[in-house]
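The structure under discussion appears below in the form of C-alpha coordinates.
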Amino acid sequence: MNEDDDDAEVDDLRPDSEGEGHLENTELSPELSAGVTREEVLDILDLLTSRKKLTPEAPLYRRLVLSKDVHTEKRDCRLLAEMLQLAIYCYKMDAASQILEEIISRPYRADQLSYKAGMFLLECHPSSTPEKMNYFIRHCRCLQHADKKEMALEYIIYCLKKGDHKQLRTFFQSNLSVHKKVFRKSERIDLILKGYLGILDYLEWLEHIHADENQQGSSAAQGGEAAAGENYRSLTCAARAAEHFKELLNYEGPFDVFIIKYLEMQEYYGQIEEADVMLEGYVEKNPENVNAYIYHYTFLKRHDMKPEERLEYLQTVCKMDPSNPLVLKYVELVHSSDYIGNMELVKMLANFIDSYENKDSRDGWKWLCNLVLEAVQREQLETKPLLHELWESRRSYWIPYHFRRPELSGVPETWVYKAAVLRVLNRSDKEFPSIVKEQLEEGDNEALLELHKEYQRRARGKRKEQRTVLNSAS
31 MNEDDDDAEV
41 DDLRPDSEGE
51 GHLENTELSP
61 ELSAGVTREE
71 VLDILDLLTS
81 RKKLTPEAPL
91 YRRLVLSKDV
101 HTEKRDCRLL
111 AEMLQLAIYC
121 YKMDAASQIL
131 EEIISRPYRA
141 DQLSYKAGMF
151 LLECHPSSTP
161 EKMNYFIRHC
171 RCLQHADKKE
181 MALEYIIYCL
191 KKGDHKQLRT
201 FFQSNLSVHK
211 KVFRKSERID
221 LILKGYLGIL
231 DYLEWLEHIH
241 ADENQQGSSA
251 AQGGEAAAGE
261 NYRSLTCAAR
271 AAEHFKELLN
281 YEGPFDVFII
291 KYLEMQEYYG
301 QIEEADVMLE
311 GYVEKNPENV
321 NAYIYHYTFL
331 KRHDMKPEER
341 LEYLQTVCKM
351 DPSNPLVLKY
361 VELVHSSDYI
371 GNMELVKMLA
381 NFIDSYENKD
391 SRDGWKWLCN
401 LVLEAVQREQ
411 LETKPLLHEL
421 WESRRSYWIP
431 YHFRRPELSG
441 VPETWVYKAA
451 VLRVLNRSDK
461 EFPSIVKEQL
471 EEGDNEALLE
481 LHKEYQRRAR
491 GKRKEQRTVL
501 NSAS
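The numbering used here applies: residue 31 is where the sequence shown begins, and numbers increase by one.
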(Lines of atoms letter the chains of each structure in order from A and count residues from 1; the text may use other names and numbers.)
(Lines give C-alpha, C1' and ligand atoms only; values in the text may rest on other atoms or scores of the structure.)
Protein backbone atom coordinates (compact mmCIF):
# COMPACT_ATOMS: atom_id res chain seq x y z
CA MET A 1 0.00 0.00 0.00
CA ASN A 2 1.59 3.35 -1.02
CA GLU A 3 1.59 6.56 1.00
CA ASP A 4 -0.95 8.30 -1.26
CA ASP A 5 -3.49 5.58 -0.59
CA ASP A 6 -2.67 5.87 3.09
CA ASP A 7 -3.38 9.61 3.17
CA ALA A 8 -6.61 9.22 1.22
CA GLU A 9 -7.96 6.74 3.72
CA VAL A 10 -7.53 8.99 6.75
CA ASP A 11 -8.89 12.29 5.49
CA ASP A 12 -11.79 12.13 7.94
CA LEU A 13 -11.79 9.84 10.94
CA ARG A 14 -14.35 11.79 12.92
CA PRO A 15 -17.54 9.94 13.87
CA ASP A 16 -20.76 10.99 12.24
CA SER A 17 -23.26 12.62 14.57
CA GLU A 18 -25.96 10.22 13.43
CA GLY A 19 -24.12 7.22 14.90
CA GLU A 20 -24.71 3.80 13.39
CA GLY A 21 -27.31 5.04 10.94
CA HIS A 22 -24.52 6.62 8.93
CA LEU A 23 -23.37 3.22 7.67
CA GLU A 24 -26.72 2.45 6.09
CA ASN A 25 -26.26 5.38 3.68
CA THR A 26 -22.55 4.85 3.08
CA GLU A 27 -21.44 3.70 -0.35
CA LEU A 28 -18.58 1.20 -0.24
CA SER A 29 -15.60 1.65 -2.55
CA PRO A 30 -15.41 -0.60 -5.64
CA GLU A 31 -12.50 -2.52 -4.07
CA LEU A 32 -14.49 -3.19 -0.91
CA SER A 33 -17.89 -3.81 -2.47
CA ALA A 34 -16.40 -6.29 -4.95
CA GLY A 35 -15.32 -8.62 -2.17
CA VAL A 36 -17.59 -7.84 0.79
CA THR A 37 -21.23 -6.80 0.91
CA ARG A 38 -22.67 -4.20 3.28
CA GLU A 39 -24.38 -6.95 5.28
CA GLU A 40 -21.09 -8.77 5.68
CA VAL A 41 -19.39 -5.60 6.88
CA LEU A 42 -22.15 -5.13 9.47
CA ASP A 43 -21.67 -8.73 10.57
CA ILE A 44 -17.93 -8.21 10.98
CA LEU A 45 -18.39 -4.99 12.97
CA ASP A 46 -21.01 -6.63 15.21
CA LEU A 47 -18.69 -9.58 15.75
CA LEU A 48 -15.77 -7.34 16.68
CA THR A 49 -17.97 -5.18 18.93
CA SER A 50 -18.89 -8.31 20.89
CA ARG A 51 -15.19 -8.44 21.91
CA LYS A 52 -14.73 -11.84 20.25
CA LYS A 53 -11.44 -12.42 18.48
CA LEU A 54 -11.50 -13.53 14.87
CA THR A 55 -10.60 -17.22 14.52
CA PRO A 56 -10.38 -19.52 11.48
CA GLU A 57 -13.79 -20.88 12.46
CA ALA A 58 -15.39 -17.44 12.66
CA PRO A 59 -17.69 -16.34 9.80
CA LEU A 60 -16.00 -14.32 7.08
CA TYR A 61 -12.53 -14.96 8.51
CA ARG A 62 -11.43 -15.76 4.98
CA ARG A 63 -12.11 -12.13 4.04
CA LEU A 64 -9.39 -10.97 6.41
CA VAL A 65 -6.76 -13.66 5.77
CA LEU A 66 -3.56 -12.22 4.34
CA SER A 67 -2.57 -13.75 1.01
CA LYS A 68 0.97 -14.08 -0.21
CA ASP A 69 -0.07 -12.40 -3.44
CA VAL A 70 0.97 -8.71 -3.53
CA HIS A 71 -2.24 -7.59 -5.25
CA THR A 72 -4.35 -9.37 -2.66
CA GLU A 73 -2.26 -7.82 0.13
CA LYS A 74 -3.09 -4.30 -1.08
CA ARG A 75 -6.76 -5.23 -1.47
CA ASP A 76 -6.94 -6.66 2.05
CA CYS A 77 -5.22 -3.59 3.52
CA ARG A 78 -7.72 -1.30 1.80
CA LEU A 79 -10.53 -3.51 3.05
CA LEU A 80 -9.29 -3.24 6.63
CA ALA A 81 -8.71 0.52 6.29
CA GLU A 82 -12.25 1.14 5.03
CA MET A 83 -13.68 -1.12 7.70
CA LEU A 84 -11.73 0.88 10.28
CA GLN A 85 -13.17 4.11 8.96
CA LEU A 86 -16.70 2.70 8.96
CA ALA A 87 -16.26 1.44 12.51
CA ILE A 88 -15.22 4.92 13.62
CA TYR A 89 -18.17 6.47 11.78
CA CYS A 90 -20.44 4.12 13.71
CA TYR A 91 -18.55 4.89 16.92
CA LYS A 92 -17.82 1.17 17.39
CA MET A 93 -14.59 1.72 19.31
CA ASP A 94 -14.03 -1.92 20.28
CA ALA A 95 -14.39 -3.01 16.66
CA ALA A 96 -12.14 -0.18 15.46
CA SER A 97 -9.43 -1.07 17.97
CA GLN A 98 -9.40 -4.74 16.86
CA ILE A 99 -9.24 -3.77 13.19
CA LEU A 100 -6.38 -1.38 13.95
CA GLU A 101 -4.54 -4.16 15.80
CA GLU A 102 -4.96 -6.37 12.73
CA ILE A 103 -3.55 -3.62 10.46
CA ILE A 104 -0.56 -2.99 12.75
CA SER A 105 0.23 -6.70 13.05
CA ARG A 106 0.64 -7.05 9.28
CA PRO A 107 3.53 -5.79 7.11
CA TYR A 108 1.54 -2.90 5.63
CA ARG A 109 3.00 0.56 5.02
CA ALA A 110 0.09 2.16 6.82
CA ASP A 111 2.02 4.25 9.34
CA GLN A 112 0.03 7.46 8.90
CA LEU A 113 -3.26 5.58 9.14
CA SER A 114 -2.09 3.69 12.22
CA TYR A 115 -1.03 6.74 14.18
CA LYS A 116 -4.05 8.88 13.23
CA ALA A 117 -6.58 6.16 13.97
CA GLY A 118 -4.72 5.17 17.11
CA MET A 119 -4.73 8.70 18.52
CA PHE A 120 -8.42 9.06 17.78
CA LEU A 121 -9.28 5.76 19.46
CA LEU A 122 -7.16 6.53 22.52
CA GLU A 123 -8.83 9.93 22.82
CA CYS A 124 -12.39 8.58 22.48
CA HIS A 125 -12.29 5.01 23.79
CA PRO A 126 -13.99 4.65 27.21
CA SER A 127 -11.13 2.60 28.66
CA SER A 128 -8.40 4.93 27.41
CA THR A 129 -6.07 6.70 29.85
CA PRO A 130 -3.40 9.41 29.43
CA GLU A 131 -0.78 6.80 30.31
CA LYS A 132 -1.89 4.64 27.36
CA MET A 133 -1.74 7.64 25.05
CA ASN A 134 1.79 8.49 26.23
CA TYR A 135 2.87 4.88 25.69
CA PHE A 136 1.35 4.91 22.20
CA ILE A 137 3.06 8.17 21.20
CA ARG A 138 6.46 6.97 22.40
CA HIS A 139 6.20 3.88 20.24
CA CYS A 140 4.83 5.79 17.23
CA ARG A 141 8.18 7.56 16.88
CA CYS A 142 9.57 4.44 15.21
CA LEU A 143 7.02 4.67 12.37
CA GLN A 144 9.01 5.49 9.26
CA HIS A 145 6.26 6.89 7.08
CA ALA A 146 4.29 8.91 9.66
CA ASP A 147 4.53 12.70 9.78
CA LYS A 148 6.51 13.25 13.00
CA LYS A 149 5.82 16.99 13.21
CA GLU A 150 2.10 16.45 12.77
CA MET A 151 2.20 13.69 15.39
CA ALA A 152 3.95 15.98 17.89
CA LEU A 153 1.46 18.79 17.27
CA GLU A 154 -1.56 16.51 17.72
CA TYR A 155 -0.11 15.15 20.95
CA ILE A 156 0.44 18.70 22.25
CA ILE A 157 -3.19 19.57 21.42
CA TYR A 158 -4.35 16.40 23.18
CA CYS A 159 -2.43 17.30 26.35
CA LEU A 160 -3.77 20.87 26.27
CA LYS A 161 -7.36 19.63 25.96
CA LYS A 162 -6.80 17.26 28.87
CA GLY A 163 -4.99 19.92 30.90
CA ASP A 164 -2.07 17.51 31.29
CA HIS A 165 0.73 20.04 31.77
CA LYS A 166 2.99 17.47 33.45
CA GLN A 167 3.12 15.27 30.36
CA LEU A 168 3.61 18.33 28.15
CA ARG A 169 6.61 19.36 30.23
CA THR A 170 8.07 15.86 29.93
CA PHE A 171 7.46 15.91 26.17
CA PHE A 172 9.18 19.27 25.65
CA GLN A 173 12.11 18.44 27.91
CA SER A 174 12.74 15.10 26.23
CA ASN A 175 12.58 16.64 22.78
CA LEU A 176 15.06 19.37 23.72
CA SER A 177 17.73 16.69 24.06
CA VAL A 178 16.62 14.11 21.50
CA HIS A 179 14.21 16.04 19.31
CA LYS A 180 15.92 14.66 16.21
CA LYS A 181 13.47 11.78 16.59
CA VAL A 182 10.62 14.18 15.91
CA PHE A 183 12.22 17.26 14.34
CA ARG A 184 15.36 18.04 12.43
CA LYS A 185 18.06 19.57 14.62
CA SER A 186 17.44 23.32 14.76
CA GLU A 187 18.45 26.10 17.13
CA ARG A 188 15.16 27.86 16.43
CA ILE A 189 13.17 24.79 17.46
CA ASP A 190 15.24 24.58 20.65
CA LEU A 191 14.27 28.17 21.47
CA ILE A 192 10.59 27.59 20.79
CA LEU A 193 10.53 24.44 22.90
CA LYS A 194 12.16 26.32 25.77
CA GLY A 195 9.61 29.09 25.32
CA TYR A 196 6.75 26.63 25.66
CA LEU A 197 8.41 25.14 28.73
CA GLY A 198 8.25 28.68 30.09
CA ILE A 199 4.54 28.82 29.21
CA LEU A 200 3.94 25.64 31.22
CA ASP A 201 5.81 27.15 34.18
CA TYR A 202 3.71 30.30 33.76
CA LEU A 203 0.46 28.29 33.85
CA GLU A 204 1.61 26.50 36.98
CA TRP A 205 2.56 29.86 38.47
CA LEU A 206 -0.95 31.18 37.82
CA GLU A 207 -2.45 28.24 39.69
CA HIS A 208 -0.21 28.82 42.70
CA ILE A 209 -0.79 32.56 42.97
CA HIS A 210 -4.56 32.06 42.76
CA ALA A 211 -4.34 29.39 45.44
CA ASP A 212 -2.16 31.74 47.49
CA GLU A 213 -4.75 34.53 47.21
CA ASN A 214 -7.54 32.16 48.27
CA GLN A 215 -5.59 30.95 51.29
CA GLN A 216 -4.56 34.34 52.60
CA GLY A 217 -7.76 34.71 54.58
CA SER A 218 -7.56 31.28 56.20
CA SER A 219 -3.80 31.09 56.67
CA ALA A 220 -3.80 33.05 59.94
CA ALA A 221 -5.46 30.17 61.79
CA GLN A 222 -2.86 27.75 60.39
CA GLY A 223 0.12 29.87 61.28
CA GLY A 224 0.60 30.96 57.68
CA GLU A 225 2.30 27.68 56.71
CA ALA A 226 -0.05 26.92 53.81
CA ALA A 227 0.30 30.40 52.34
CA ALA A 228 4.08 30.28 52.76
CA GLY A 229 4.17 26.98 50.90
CA GLU A 230 2.12 28.31 48.00
CA ASN A 231 4.23 31.46 47.89
CA TYR A 232 7.42 29.39 47.68
CA ARG A 233 6.00 27.23 44.90
CA SER A 234 4.80 30.26 42.93
CA LEU A 235 8.22 31.92 43.21
CA THR A 236 9.89 28.72 42.06
CA CYS A 237 7.62 28.48 39.00
CA ALA A 238 8.17 32.17 38.19
CA ALA A 239 11.95 31.73 38.39
CA ARG A 240 11.84 28.69 36.08
CA ALA A 241 9.64 30.51 33.58
CA ALA A 242 11.84 33.61 33.64
CA GLU A 243 14.92 31.49 32.96
CA HIS A 244 13.31 30.04 29.83
CA PHE A 245 11.92 33.39 28.63
CA LYS A 246 15.24 35.23 29.11
CA GLU A 247 16.95 32.98 26.60
CA LEU A 248 14.56 34.16 23.90
CA LEU A 249 15.55 37.80 24.44
CA ASN A 250 19.03 37.13 23.06
CA TYR A 251 17.65 36.30 19.62
CA GLU A 252 15.60 38.01 16.96
CA GLY A 253 12.14 36.63 16.39
CA PRO A 254 8.44 37.28 16.97
CA PHE A 255 8.25 35.72 20.43
CA ASP A 256 5.17 37.76 21.38
CA VAL A 257 3.29 34.94 23.09
CA PHE A 258 6.22 34.42 25.48
CA ILE A 259 7.10 38.07 26.05
CA ILE A 260 3.65 39.09 27.30
CA LYS A 261 3.67 36.24 29.85
CA TYR A 262 7.10 37.28 31.07
CA LEU A 263 5.91 40.89 31.31
CA GLU A 264 2.88 39.84 33.38
CA MET A 265 5.09 38.09 35.93
CA GLN A 266 7.51 41.01 36.14
CA GLU A 267 4.68 43.47 36.77
CA TYR A 268 3.15 41.16 39.36
CA TYR A 269 6.37 41.23 41.40
CA GLY A 270 6.92 44.96 40.87
CA GLN A 271 9.93 44.59 38.59
CA ILE A 272 9.00 47.67 36.58
CA GLU A 273 12.49 48.83 35.62
CA GLU A 274 13.49 45.32 34.56
CA ALA A 275 10.33 45.03 32.47
CA ASP A 276 11.07 48.37 30.79
CA VAL A 277 14.58 47.23 29.87
CA MET A 278 13.23 43.88 28.63
CA LEU A 279 10.64 45.50 26.34
CA GLU A 280 13.13 48.07 25.06
CA GLY A 281 15.50 45.25 24.15
CA TYR A 282 12.67 43.39 22.42
CA VAL A 283 11.99 46.47 20.27
CA GLU A 284 15.69 46.77 19.36
CA LYS A 285 15.88 43.09 18.41
CA ASN A 286 12.66 43.20 16.38
CA PRO A 287 12.34 46.66 14.76
CA GLU A 288 9.90 45.34 12.14
CA ASN A 289 7.52 43.76 14.66
CA VAL A 290 4.74 46.27 15.30
CA ASN A 291 3.63 44.35 18.40
CA ALA A 292 6.98 45.08 20.06
CA TYR A 293 6.22 48.82 19.90
CA ILE A 294 2.63 48.29 21.04
CA TYR A 295 3.67 46.23 24.07
CA HIS A 296 6.23 48.81 25.17
CA TYR A 297 3.85 51.72 24.57
CA THR A 298 1.00 50.19 26.57
CA PHE A 299 3.43 49.30 29.36
CA LEU A 300 4.80 52.86 29.54
CA LYS A 301 1.30 54.32 29.45
CA ARG A 302 0.10 51.94 32.15
CA HIS A 303 2.89 53.12 34.46
CA ASP A 304 2.88 56.76 33.26
CA MET A 305 6.50 56.65 32.11
CA LYS A 306 8.50 58.38 29.33
CA PRO A 307 5.79 60.45 27.56
CA GLU A 308 8.15 61.48 24.73
CA GLU A 309 9.07 57.89 23.98
CA ARG A 310 5.40 56.88 24.08
CA LEU A 311 4.61 59.46 21.41
CA GLU A 312 7.44 58.17 19.21
CA TYR A 313 6.13 54.63 19.58
CA LEU A 314 2.63 55.75 18.63
CA GLN A 315 3.96 57.46 15.53
CA THR A 316 5.85 54.31 14.55
CA VAL A 317 2.75 52.16 15.06
CA CYS A 318 0.72 54.51 12.84
CA LYS A 319 3.27 54.21 10.04
CA MET A 320 3.60 50.44 10.31
CA ASP A 321 -0.10 49.68 10.81
CA PRO A 322 -2.39 52.51 9.57
CA SER A 323 -5.49 50.56 10.64
CA ASN A 324 -4.41 50.11 14.27
CA PRO A 325 -6.82 51.60 16.87
CA LEU A 326 -3.86 53.45 18.39
CA VAL A 327 -4.05 55.80 15.40
CA LEU A 328 -6.95 57.54 17.14
CA LYS A 329 -4.90 57.90 20.30
CA TYR A 330 -2.08 59.48 18.32
CA VAL A 331 -4.49 61.93 16.66
CA GLU A 332 -5.89 62.87 20.05
CA LEU A 333 -2.42 63.57 21.46
CA VAL A 334 -0.99 65.64 18.59
CA HIS A 335 -4.17 67.51 17.59
CA SER A 336 -3.53 71.24 17.79
CA SER A 337 -4.46 74.52 16.14
CA ASP A 338 -1.75 74.05 13.50
CA TYR A 339 -3.91 73.49 10.43
CA ILE A 340 -1.02 72.15 8.32
CA GLY A 341 -0.28 69.55 10.98
CA ASN A 342 -3.96 68.76 11.19
CA MET A 343 -4.10 68.10 7.46
CA GLU A 344 -1.47 65.40 7.98
CA LEU A 345 -3.78 63.92 10.59
CA VAL A 346 -6.63 64.07 8.06
CA LYS A 347 -4.61 61.90 5.66
CA MET A 348 -3.81 59.52 8.49
CA LEU A 349 -7.49 59.24 9.43
CA ALA A 350 -8.45 58.70 5.78
CA ASN A 351 -6.09 55.72 5.68
CA PHE A 352 -7.50 54.51 9.00
CA ILE A 353 -11.13 54.42 7.85
CA ASP A 354 -10.14 52.82 4.54
CA SER A 355 -9.44 49.53 6.33
CA TYR A 356 -12.48 47.27 6.37
CA GLU A 357 -12.61 46.86 10.14
CA ASN A 358 -12.66 50.66 10.58
CA LYS A 359 -14.85 51.73 7.65
CA ASP A 360 -17.74 52.54 10.00
CA SER A 361 -15.68 53.55 13.02
CA ARG A 362 -17.63 56.22 14.87
CA ASP A 363 -14.56 57.74 16.52
CA GLY A 364 -12.57 57.63 13.29
CA TRP A 365 -15.25 59.49 11.32
CA LYS A 366 -15.83 61.92 14.18
CA TRP A 367 -12.18 62.95 14.23
CA LEU A 368 -12.04 63.17 10.43
CA CYS A 369 -15.22 65.25 10.34
CA ASN A 370 -14.06 67.70 13.01
CA LEU A 371 -10.62 68.18 11.43
CA VAL A 372 -12.09 68.73 7.96
CA LEU A 373 -14.64 71.22 9.31
CA GLU A 374 -11.87 73.09 11.15
CA ALA A 375 -9.94 73.34 7.90
CA VAL A 376 -13.01 74.69 6.07
CA GLN A 377 -13.82 77.32 8.68
CA ARG A 378 -10.27 78.72 8.64
CA GLU A 379 -10.67 79.42 4.91
CA GLN A 380 -6.91 79.31 4.40
CA LEU A 381 -5.66 79.14 0.82
CA GLU A 382 -3.32 76.27 1.68
CA THR A 383 -6.26 74.12 2.76
CA LYS A 384 -8.00 73.95 -0.61
CA PRO A 385 -5.33 72.03 -2.60
CA LEU A 386 -4.79 69.62 0.30
CA LEU A 387 -8.48 68.74 0.49
CA HIS A 388 -8.67 68.58 -3.30
CA GLU A 389 -5.77 66.10 -3.38
CA LEU A 390 -7.39 64.01 -0.64
CA TRP A 391 -10.66 63.71 -2.56
CA GLU A 392 -9.20 63.17 -6.03
CA SER A 393 -7.03 60.31 -4.83
CA ARG A 394 -10.01 58.51 -3.29
CA ARG A 395 -13.17 59.56 -5.08
CA SER A 396 -13.22 56.49 -7.35
CA TYR A 397 -13.82 54.12 -4.44
CA TRP A 398 -15.00 56.28 -1.54
CA ILE A 399 -18.53 56.79 -2.89
CA PRO A 400 -19.41 53.07 -3.20
CA TYR A 401 -17.28 52.13 -0.19
CA HIS A 402 -18.12 54.78 2.43
CA PHE A 403 -21.16 56.57 1.02
CA ARG A 404 -23.25 53.67 -0.22
CA ARG A 405 -26.95 54.41 -0.67
CA PRO A 406 -29.87 54.01 -0.16
CA GLU A 407 -28.91 51.60 2.64
CA LEU A 408 -26.51 53.40 4.96
CA SER A 409 -23.80 51.50 6.83
CA GLY A 410 -22.74 52.11 10.40
CA VAL A 411 -24.62 53.68 13.31
CA PRO A 412 -26.75 56.83 12.80
CA GLU A 413 -24.16 59.06 14.46
CA THR A 414 -21.59 57.91 11.90
CA TRP A 415 -23.98 58.90 9.08
CA VAL A 416 -23.90 62.48 10.33
CA TYR A 417 -20.10 62.64 10.27
CA LYS A 418 -19.92 60.99 6.84
CA ALA A 419 -22.45 63.44 5.40
CA ALA A 420 -20.47 66.43 6.69
CA VAL A 421 -17.19 65.12 5.26
CA LEU A 422 -18.80 64.46 1.88
CA ARG A 423 -20.42 67.91 1.86
CA VAL A 424 -16.97 69.46 2.21
CA LEU A 425 -15.16 67.25 -0.27
CA ASN A 426 -17.86 66.93 -2.95
CA ARG A 427 -20.26 69.87 -2.97
CA SER A 428 -22.22 68.51 -5.93
CA ASP A 429 -23.33 65.38 -4.06
CA LYS A 430 -26.45 66.49 -2.19
CA GLU A 431 -28.14 63.11 -2.32
CA PHE A 432 -26.24 61.46 0.52
CA PRO A 433 -26.88 64.23 3.10
CA SER A 434 -30.57 64.21 2.11
CA ILE A 435 -30.82 60.44 2.62
CA VAL A 436 -29.17 60.81 6.02
CA LYS A 437 -31.73 63.46 6.97
CA GLU A 438 -34.63 61.24 5.84
CA GLN A 439 -33.29 58.24 7.75
CA LEU A 440 -32.88 60.30 10.93
CA GLU A 441 -36.41 61.70 10.57
CA GLU A 442 -37.79 58.18 10.19
CA GLY A 443 -35.94 57.17 13.34
CA ASP A 444 -37.35 60.21 15.17
CA ASN A 445 -33.87 61.10 16.42
CA GLU A 446 -34.12 64.81 17.19
CA ALA A 447 -30.66 65.12 18.75
CA LEU A 448 -28.88 63.69 15.73
CA LEU A 449 -31.07 65.74 13.38
CA GLU A 450 -29.92 68.94 15.08
CA LEU A 451 -26.32 67.74 14.94
CA HIS A 452 -26.73 66.95 11.24
CA LYS A 453 -28.09 70.44 10.50
CA GLU A 454 -25.27 72.06 12.47
CA TYR A 455 -22.57 70.06 10.71
CA GLN A 456 -24.07 70.76 7.29
CA ARG A 457 -24.09 74.47 8.09
CA ARG A 458 -20.46 74.35 9.15
CA ALA A 459 -19.56 72.37 6.04
CA ARG A 460 -20.75 75.27 3.84
CA GLY A 461 -18.16 77.61 5.36
CA LYS A 462 -18.51 81.02 7.00
CA ARG A 463 -20.21 82.67 4.03
CA LYS A 464 -23.19 80.84 2.59
CA GLU A 465 -22.85 82.57 -0.72
CA GLN A 466 -19.27 81.42 -1.14
CA ARG A 467 -18.65 78.36 -3.21
CA THR A 468 -17.47 75.24 -1.41
CA VAL A 469 -13.80 75.04 -0.60
CA LEU A 470 -13.43 72.17 -3.02
CA ASN A 471 -14.90 72.15 -6.52
CA SER A 472 -14.77 68.53 -7.48
CA ALA A 473 -15.08 67.41 -11.07
CA SER A 474 -18.45 65.91 -11.72
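Ideal Cβ positions, reconstructed from N, Cα and C, are used throughout, including at glycine.
Task: Closest Cα partner of Met-123 within the set Cys-172, Ala-147, Leu-416 - done: With distances taken between Cα atoms, Met-123 lies closest to Ala-147.
TODO: Quick one: residues in its chain with C-beta nearer than 6 Å to the C-beta of Lys-291, no 5 flanking neighbours on either side, listed in chain order?
DONE: Counting only Cβ-Cβ distances below 6 Å, and skipping sequence neighbours, we find Tyr-232.
Open item on the list: When you compare the CB positions of Trp-395 and Lys-331, do they come within less than 8 Å of one another, or not?
Closed with: no
Open item on the list: Give me, in chain order, the residues of the same chain whose beta-carbon lies closer than 8 Å to that of Leu-152; leave out the 5 immediate sequence neighbours on both sides.
Closed with: Ser-158, Lys-162, Met-163, Phe-166
Open item on the list: Under DSSP, the alpha helix (DSSP H) around His-169 begins and ends at which residues?
Closed with: Start and end: 160 to 170.
TODO: State the start and end residues of the unbroken alpha helix (DSSP H) segment that holds Arg-487.
DONE: 476 to 489
Open item on the list: Are the CB atoms of Tyr-312 and Ala-305 within a distance shorter than 8 Å?
Closed with: No, Cβ-Cβ distance for Ala-305 and Tyr-312 is not below 8 Å.
Open item on the list: For Pro-463 and Tyr-343, what's the separation of their Cα atoms in angstroms?
Closed with: 38 Å
- [ ] Taking Val-441 as the reference, give the member of Ile-134, Thr-413, Leu-470, Lys-191 with the closest Cα.
- [x] Closest option to Val-441, Cα to Cα, is Leu-470.
- [ ] Please classify Gly-300: does DSSP put it in a helix, a strand, or coil?
- [x] coil
Open item on the list: DSSP three-state label for Phe-329, please.
Closed with: helix
Open item on the list: Let me check you understand the geometry: is the CB of Asn-319 closer than 7 Å to at least one non-hydrogen atom of the ligand PLP?
Closed with: Among the components modelled here there is no ligand, and therefore nothing to report on the ligand PLP.
Open item on the list: Using C-beta distances below 8 Å, list every residue in its chain close to Glu-461, excluding the 5 sequence neighbours before and after it, in chain order.
Closed with: Within the same chain, and ignoring the five residues on either side of Glu-461 in sequence, the residues whose Cβ sits closer than 8 Å to its Cβ are Arg-435.
Task: Cβ separation of Glu-294 and Cys-267, assumed to be a contact under 8 Å, to the nearest whole Å - done: Contact doesn't hold; Cβ gap of about 13 Å is too wide.
Open item on the list: Please return the same chain residues whose Cβ sits closer than 7 Å to the Cβ of Arg-199, not counting the five positions on each side in sequence.
Closed with: Leu-227, Leu-230
- [ ] Under 8 Å by Cβ, that's how I've got Ala-489 and Val-376 pegged, so tell me the actual separation to the nearest angstrom.
- [x] Not really, about 14 Å apart at Cβ, beyond 8 Å.
- [ ] May I have the straight-line CA-CA distance separating His-365 from Ile-383, to the nearest angstrom?
- [x] When rounded, the distance between both Cα atoms is 18 Å.
- [ ] Pick helix, strand or coil for Val-376, following the three-state DSSP scheme.
- [x] helix
TODO: Please state if the CB of Glu-387 and the CB of Ser-353 are separated by a distance shorter than 8 Å.
DONE: yes
Open item on the list: For a test of the three-state rule: what should DSSP assign to Tyr-281, helix, strand or coil?
Closed with: coil
TODO: Can you give me the Cβ contacts of Cys-399 inside the same chain, cut-off strictly under 6 Å, excluding the 5 residues immediately before and after it?
DONE: Tyr-447, Ala-450, Val-451
- [ ] Starting from Leu-356, follow the alpha helix (DSSP H) in both directions and report where the run begins and ends.
- [x] 356 to 364
- [ ] Could you tell me how far apart the beta carbons of Ser-426 and Asp-390 are, in whole angstroms, since I believe they sit closer than 8 Å?
- [x] Not quite, the Cβ-Cβ distance comes to about 20 Å (not below 8 Å), so this is no contact.
Task: His-240 versus Leu-417: straight-line alpha-carbon distance, rounded - done: 56 Å
TODO: Compute the Euclidean distance between the alpha carbons of Glu-374 and Arg-424, then round it to the nearest angstrom.
DONE: 16 Å
Open item on the list: Could you check whether Ala-126 and Ala-140 sit closer than 8 Å to each other, using their CB atoms as the reference points?
Closed with: no
Task: C-beta contact flag for Val-320 and Asp-286 at 8 Å - done: no
Task: Spatial neighbours of Lys-336 in its chain, beta-carbon cut-off 6 Å, leaving aside the 5 residues before and after - done: The beta carbon of Lys-336 lies closer than 6 Å to those of Leu-330 in the same chain, with the five residues before and after it left out.
Open item on the list: Measuring alpha carbon to alpha carbon, tell me which residue in Tyr-327, His-333, Lys-191 is nearest Leu-356.
Closed with: Looking at Tyr-327, His-333, Lys-191, the one whose alpha-carbon comes closest to that of Leu-356 is Tyr-327.
- [ ] Could you check which residue in Val-454, Glu-476, Asn-475 has the C-alpha nearest to that of Gln-486?
- [x] Val-454
Open item on the list: Distance check for Asp-194 and Glu-180, CA to CA, integer angstroms please.
Closed with: For Glu-180 and Asp-194, the distance between alpha carbons rounds to 19 Å.
Task: Rounded C-alpha distance that separates Ser-264 from Cys-348 - done: 39 Å
- [ ] Report the three-state DSSP secondary structure of Glu-437 (helix, strand or coil).
- [x] coil
Task: Residue range of the alpha helix (DSSP H) that includes Cys-348 - done: 337 to 350
- [ ] Would you identify the three-state DSSP class for Pro-415, choosing helix, strand or coil?
- [x] helix
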